[in-house]
DNA sequence: TAGTATTCGTGATAATTTTCACAAATGCTA
DNA sequence: TAGCATTTGTGAAAATTATCACGAATACTA
């Protein structure tokens, strides 16, 4: 139905796993890897790896494998990492702070350029050298800095209001950590991280552990090895 | 190949969404909902909702719908929520603290009963009324309290070591927030939350936004509405 | 150069998940 | 009770994703 070939969602989710492992290999001066190497390392079928890589436009050489440097470059392009992403974050509680300092982002070029909160105790203080602004200034600042990504780490009941303001400021992608569903115009992209999903599936499997059956799945999912 | 009918993974991921919304309905004194109601609210096809609910063992009445209270009870059972889950958390940085205070868990009966860290500055201090222990005491305490769930919020390079200790202490399920792949015995369940996956997919879609094609997906995924 | 061992790329197949569509069940109204 | 409007539960079809399996490309060795 679609003429544009889109990357399957599961493939997209594996992409960061590939990327992170490749960075490690580069660090270790490994210059070429095979789909089997990648697969064994990440617990993914090697045919799956090859299929994924072709989506990314990567080209390997039979009998040899893929050039690490080249793959990194391809994936980086696909992830929009090669150009820095500027973001703002609203809600500077523990979760907000945690996200700011999450080391996993380092390779992804995400740069948080402004912090917002509503708590007068927090507004005006500094975090990692940046002043925390009041949410009321959000629209203005976002417009001025032409920010594209907004991160929401406020309580669920505030989240929609914050999202509305982000949209009003022209933000095009929202990363939502509040456990609630947000309504935004169609052109705005939303990704919700729902920690309860993780907890729920874990505890479900725990409940079921007496049954021998267990799902496979990997980093995003449950695994038994 | 499996005789045991297992719940599809995507269904499992939707389960907490159902659960949370149902709690809201109960709060609002709504006693009966139809699959269409649920679907419209969560952006899931109503047939999908019905299919999912049958996996959960729920039974609705044609022409009427499902009893909210009954569904909550079924889902709660499936999630192991009805009996409290005790967990420990290792790594009391921002992320660890954020998880402890994440409001989304409230309905899930997760109870964090001990905190661990390696930083002497933190060990011995109190968090939410609980003393923070040194990681060296982990095995002992976990064994003694018979804890089943361990949460890892330490830097990636420490994560494997922590996982090993958890396993040694008899923990059966690990929720890993460190951006690395853990190796554990087959009987231990692992779920890794990789925040970079979220960031990566978000920024990917941002890069692609000029293409009209866009994935659908909902709370766990990207959506344009 | 010929032979062997790798490894990619991909058509075909299998497995999984979603959606369609409709019979059957239920309540409501008159 | 009969007729109508809902809504479930589920076979069957469609769509999506994962795996198999093999020809072709490449490097290496003798």
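Residue numbers (the working numbering), protein chains in the order written: chain A, 27 to 251; chain B, 27 to 251. C-beta: ideal position from N, C-alpha, C; glycine also.
Are the segment 94-109 of chain B and the segment 173-190 of chain B in contact at 8 Å, needing three or more beta carbon pairs?
-> no
Going by other Cβ atoms of all chains shown within 10 Å of its Cβ, with 16 needed for buried, is residue 29 of chain B buried or exposed?
-> For residue 29 of chain B, the predicted structure reports a pLDDT of 39, less than 50, and the residue's modelled location is therefore unreliable. The matter cannot be settled from this model.
Figure out for me which residue from A:172, A:55 and A:222 has the closest Cα to the Cα of residue 136 of chain B.
-> A:222
Is it the case that the Cβ atoms of residue 167 of chain A and residue 140 of chain A are separated by a distance below 7 Å?
-> yes
In angstroms, rounded to a whole number, what distance separates the CA positions of residue 210 of chain A and residue 199 of chain A?
-> A straight line joining the alpha-carbon of residue 210 of chain A with that of residue 199 of chain A spans about 10 Å.
Measure the CB-CB distance between residue 161 of chain B and residue 138 of chain B and report whether it falls below 7 Å.
-> no
Pick helix, strand or coil for residue 116 of chain B, following the three-state DSSP scheme.
-> strand
Residue 131 of chain B versus chain A: which residues are under 8 Å apart at the beta carbon?
-> 221, 222 and 225
Compare the Cα-Cα distances from residue 146 of chain B to each of B:177, B:171, B:174 and B:117 and report the closest residue.
-> Looking at the Cα atoms, B:117 is the closest of the given residues.
Ranges of the beta strand (DSSP E) found wholly within the segment 79-138 of chain A, counting only runs of at least 3 | 111-116
Which of the residues in the segment 96-107 of chain A, read from start to end, lie with their CB under 8 Å from any CB of chain B?
-> 104, 105, 106 and 107
Using a Cβ cut-off of 7 Å (strictly closer), state whether residue 81 of chain A contacts chain B.
-> no
Would you report the Cα separation of residue 81 of chain B and residue 132 of chain B, rounded to the nearest angstrom?
-> 25 Å
Is there at least one Cβ from chain B nearer than 7 Å to residue 49 of chain A's Cβ?
-> no
Close-in-space but distant-in-sequence residues of the same chain around residue 52 of chain B (CB under 8 Å, 5 per side omitted) = Answer for residue 52 of chain B: 94, 95 and 98, listed in chain order.
On a CA-only basis, which of A:43, A:88, A:84 and A:85 is nearest residue 66 of chain A? Give me that one, please.
-> From the listed residues A:43, A:88, A:84 and A:85, the smallest Cα separation to residue 66 of chain A is found for A:43.
Residue interval of the alpha helix (DSSP H) (run including residue 62 of chain B) = 61-68
How is residue 218 of chain A classed by DSSP in three states: helix, strand or coil?
-> strand
Where DSSP assigns a beta bridge to residue 202 of chain B, which residues make up the other side?
-> According to DSSP, residue 202 of chain B shares a beta bridge with B:178 and B:218.
With DSSP collapsed to three states, give me the class of residue 158 of chain B.
-> strand
Reducing DSSP to helix, strand and coil, say where residue 152 of chain B ends up.
-> Three-state DSSP puts residue 152 of chain B in a strand.
Note down, in chain order, each residue of its chain lying with its Cβ closer than 6 Å to the Cβ of residue 62 of chain A, except the 5 sequence neighbours on either side.
-> 72
Does the distance from the C-beta atom of residue 153 of chain A to that of residue 176 of chain A stay below 7 Å?
-> Not a contact, by the Cβ cut-off of 7 Å.
Burial state of residue 206 of chain B, where buried means 16 or more other Cβ atoms lie within 10 Å = Under this definition residue 206 of chain B is a buried residue.
Going by DSSP, which residues form a beta bridge with residue 143 of chain B?
-> B:160
Examine chain B for any beta-carbon lying closer than 7 Å to the beta-carbon of residue 53 of chain A, and answer yes or no.
-> no
6 Å Cβ shell around residue 60 of chain B - same chain, five flanking residues per side excluded | 91
For a contact meaning CB atoms closer than 9 Å, what does residue 46 of chain A contact in chain B?
-> 205, 206, 220 and 222
Neighbourhood of residue 159 of chain A by C-beta, 6 Å cutoff - its chain only, sequence neighbours within 5 removed = 142
Could you tell me whether the Cβ of residue 136 of chain B comes closer than 7 Å to any Cβ of chain A?
-> Chain A, which has a Cβ nearer than 7 Å to the Cβ of residue 136 of chain B, makes this yes.
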